[in-house]
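Working notes, beginning with the structure itself.
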Amino acid sequence: MKNKRLIFAWSSFAIFVVAFLGGTKCHYDAQKTSSSGYQYRIFINKDMLCDVNVDEVEIKEEKNVSANTDAPSEKNDDDLFYEETKYGFLPKISPDGDRVFDAYSAKFPDTGKKKACLVIYVEAESVEYLPHALKILGTSRATFVLPHYLDNVSGVVKMIHNAGHEAFLQIPTQASTAVNQKNEIAPFLANSNSEDTVDKLMHLLAVSKYIIGIANTSPTLLTKSTKDITVILEELSKKGLAFLDLEKTNDILQTLSSDIGVIHANASVQFDSKSVLEISDDSDGKIFFIHLNKLPDFLTAVSKHENYVIAPISSVIKKHE
Numbered sequence: 263m264k265n266k267r268l269i270f271a272w273s274s275f276a277i278f279v280v281a282f283l284g285g286t287k288c289h290y291d292a293q294k295t296s297s298s299g300y301q302y303r304i305f306i307n308k309d310m311l312c313d314v315n316v317d318e319v320e321i322k323e324e325k326n327v328s329a330n331t332d333a334p335s336e337k338n339d340d341d342l343f344y345e346e347t348k349y350g351f352l353p354k355i356s357p358d359g360d361r362v363f364d365a366y367s368a369k370f371p372d373t374g375k376k377k378a379c380l381v382i383y384v385e386a387e388s389v390e391y392l393p394h395a396l397k398i399l400g401t402s403r404a405t406f407v408l409p410h411y412l413d414n415v416s417g418v419v420k421m422i423h424n425a426g427h428e429a430f431l432q433i434p435t436q437a438s439t440a441v442n443q444k445n446e447i448a449p450f451l452a453n454s455n456s457e458d459t460v461d462k463l464m465h466l467l468a469v470s471k472y473i474i475g476i477a478n479t480s481p482t483l484l485t486k487s488t489k490d491i492t493v494i495l496e497e498l499s500k501k502g503l504a505f506l507d508l509e510k511t512n513d514i515l516q517t518l519s520s521d522i523g524v525i526h527a528n529a530s531v532q533f534d535s536k537s538v539l540e541i542s543d544d545s546d547g548k549i550f551f552i553h554l555n556k557l558p559d560f561l562t563a564v565s566k567h568e569n570y571v572i573a574p575i576s577s578v579i580k581k582h583e
């Protein structure tokens, strides 16, 4: 009898131990699964799906399937003159050797009149005036220079392009960077590391399509540094873009532009409302630089010269290349 009680006691203890261990394991496994699931959701949420909308992905996939069933479409200019890179879309010379400068410069017919080339600088404070400016220019064509930090700068460039004009991006330098932007913009510096200069240039060129080059708008050591300006001009040449200098062009820039074969122009004559528009009878292709809010004054002044027509700067560069 005593043995039976002992066996029963040990059996009960064994069953309890097994049940305890089994229950503990099940509880541990459940907790582990729950914890892993939570960590997994956080990982996906934070690192994988930050900007992804499942519905958008499904729609894109359906569109791709639909597109694949259609006949291949002919490539447009964007496909010919831009390539996708880590910086975004960057300009390139087309397979046929055509340049972005030629493709997106303003189409200007030869009227037989002499040209008064107009370069207009658009500042952040005056950009709201741009639609009106495009309207009063009418059939005239002009060149616009824009700082890259404008709100919706790509939309502004597209507006200018669609209106039949052409656009350059301002290269940010220490002198040209607005005071309220100095903590946000890393300007191009003279005597910088070449890799850093190229990196900044690529970021700048990827800001918007349809630009035909970059422009310097203020005195800077950058254009006087053989090392730095050579790097910039070589990259512009490779991409079929131009360099526009709104300051008096120095000998270094002039010589390097010629040696490298980059498209280059200079517009050092600034017009304001107090200026007298001086155009001699034998002058053709003189380049004037104005701020956007001075456009009505310039139009009034040039209207007094019947033998002249307002033209974009590309019309002069093409003529003298």
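Sequence positions in the sequence shown follow my numbering and run 263 to 583.
Just so it is clear, CB atoms sit at the ideal spot from N, CA and C, and this is done for glycine as well.
Of the residues assessed, Lys-510 falls on the exposed side of the cut-off, its CB having fewer than 16 other CB atoms within 10 angstroms. When DSSP reads this structure, Pro-409 sits in a beta bridge with Gln-432.
In the same chain as Pro-353, and ignoring 5 residues on each side of it, the C-beta atoms closer than 7 angstroms to its own belong to Phe-343, Tyr-344, Val-362, Leu-467, Lys-501, Gly-502, Leu-503, in chain order. Residue burial is scored here from C-beta neighbours: Asn-424 has fewer than 16 other C-beta atoms within 10 angstroms and is therefore classed as exposed. Pairing Ile-422 with Ala-429, the inter-Cα distance amounts to about 7 angstroms. Residue range 392-399 is occupied by the alpha helix (DSSP H) that includes His-394. Under the DSSP assignment, Thr-347 falls in the beta strand (DSSP E) whose first and last residues are 344-347. Leu-431 places its beta carbon 8 angstroms or farther from that of Phe-550.
In its chain, beyond the 5 residues on either side, Pro-434, Thr-435, Gln-436, Ser-438, Thr-439 have a beta carbon closer than 8 angstroms to the beta carbon of Pro-449. Per DSSP, reduced to three states, the secondary structure at Tyr-472 is coil, with no helix or strand assignment. Within the region 359-391, complete beta strand (DSSP E) segments of at least 3 residues are found at 376-383, given in chain order. The residue among Asp-360, Lys-376, Lys-348, Tyr-349 with its C-alpha nearest the C-alpha of Ile-575 is Lys-376. Distance check between Gly-475 and each of Ile-277, Ile-579, Asp-341, Lys-348 places Ile-579 closest, using alpha-carbon atoms only.
Straight-line spacing of the CA atoms in Ser-480 and His-394 works out to 27 angstroms.
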